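Encoded as structure tokens, the structure appears first; notes follow it.
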Amino acid sequence: MANAHRRRNNVDRIKINGAWCLEENEIREGIGNAFKLLLSSSGVASFISGLQLETLDQLDASTLESPFTEEEVYNVVELQWG
């Protein structure tokens, strides 16, 4: 069964930078390089710089960092197990 599963999850060719890669080692190297580039500081920075994100004001940020109150915990437990 494991072999059948492995065959279904197979990449037999992939187009990288406009060129088809057909050999297993080319495919592995191409995919590995793509992830290395994506996860490098410049790759992540360029991805993140394209996002439009809102920021929290100081009060909201400090509220996220504060510990839960006993009342908050009680309310969650009451809702869950009522």
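Per the numbering used here, the sequence shown starts with residue 889, numbered consecutively. Using N, Cα and C, we set each Cβ at its ideal position, and we do this for glycine too. Being a predicted model, the structure only gives us computed values, none of them experimental.
Could you tell me the boundaries of the alpha helix (DSSP H) in which residue i lies?
i: G938; result: Where G938 is concerned, there is no enclosing alpha helix (DSSP H), given that its DSSP letter is neither H nor E.
i: S950; result: Q946 to E953
i: N913; result: E912 to L927
i: V961; result: E958 to W969
Check whether the Cβ atoms of residue i and residue j lie closer than 7 Å to each other.
i: G918; j: I904; result: yes
Using the Cα positions of residue i and residue j, report the straight-line distance between them to the nearest angstrom.
i: L925; j: T943; result: 27 Å
i: E959; j: L947; result: 20 Å
i: V964; j: P955; result: 14 Å
i: I902; j: S928; result: 22 Å
i: S950; j: T957; result: 14 Å
i: S930; j: E953; result: 29 Å
i: G906; j: F935; result: 21 Å
i: R916; j: S937; result: 28 Å
Regarding residue i and the ligand MN, is the C-beta to nearest heavy atom distance less than 6 Å?
i: F935; result: Summarising the ligand content, the structure contains no ligands, and the ligand MN is consequently not present.
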